[in-house]
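**Student:** Take any residue in the sequence shown, note its place counting from 1, add 209, and you have its number in this note's numbering.
Okay, here's the structure, questions in a sec.
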Amino acid sequence: MTSGVNRGPTCSARQRREPHRGTRGAGEITEQSHTLALLDDGAWAAFDNACTHEECPLSEGTLTDNQVECYCHGAVFNMRTGEALVGPAVASIETYPVREEGGEIQVELPG
Ligand code: FES
């Protein structure tokens, strides 16, 4: 159910032009400005694709448990909260609410 979810603009995994998906560690990930990943408990996480260190794409990183490791210099982020767990990145990445409706994955983006 989606009640309580802030209704802003959304992007849909099904509507993406090139929903390039590949398995990365524990989940699936797409290569967009926002990254969508399937967590180990079956929930989806959406977050900015650019690492806060030097903007390498996190979609190229490695997923383990609920964390993504940047392939450039090894920063690790919590995909649920966006928190930077391991440097060299210090700043968190933005995360976005995700919901499933009618078999479609929808990401709530800032308005
Ligand atoms: S760009 Fe991600 S750790 Fe450096």
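For each residue, glycine too, the CB sits at the ideal point set by N, CA and C.
For Glu-269, which residues of its own chain have a beta-carbon under 6 Å away from its beta-carbon, when the five flanking residues on both sides are left out?
**Tutor:** Apart from the 5 residues on each side of it in sequence, Glu-269 sits with its Cβ closer than 6 Å to the Cβ of Tyr-280 in its chain, given in chain order.
**Student:** Residues bridged to Thr-261 by DSSP?
**Tutor:** For Thr-261, which the question treats as bridged, DSSP gives no partner whatsoever.
**Student:** Classify Ala-293 as buried or exposed, calling it buried when 16 or more other Cβ atoms lie within 10 Å of its own Cβ.
**Tutor:** Ala-293 sits buried, since 16 or more C-beta atoms from the chains shown fall within 10 Å of its C-beta.
**Student:** Under 5 Å from any heavy atom of the ligand FES, by CB: list those residues in chain order, please.
**Tutor:** Cys-260, His-262, Glu-263, Cys-265, Cys-279, Cys-281, His-282 and Ala-284
**Student:** Return the bridge partner residues of Glu-370 from the DSSP annotation.
**Tutor:** The question about residue 370 has no answer, for the chain in this structure spans 210 to 320.
**Student:** Relative to the C-alpha of Asp-249, which candidate in Glu-264, Asn-287 and Val-295 has its C-alpha closest?
**Tutor:** Asn-287
**Student:** So, helix, strand or coil for Glu-269, using DSSP?
**Tutor:** For Glu-269, the secondary structure class from DSSP, reduced to helix, strand or coil, is helix.
**Student:** So, Val-277 versus Thr-304, is the Cβ gap smaller than 9 Å?
**Tutor:** no
**Student:** Compare the C-alpha of Gly-291 against each of Leu-267, Glu-263 and Gly-251 and name the closest.
**Tutor:** When Leu-267, Glu-263 and Gly-251 are compared, the shortest CA-CA separation from Gly-291 is found for Leu-267.
**Student:** Please report the residue range of the beta strand (DSSP E) in which His-243 lies.
**Tutor:** 243-247
**Student:** Just grab the DSSP bridge partners of Thr-304 for me.
**Tutor:** Phe-256
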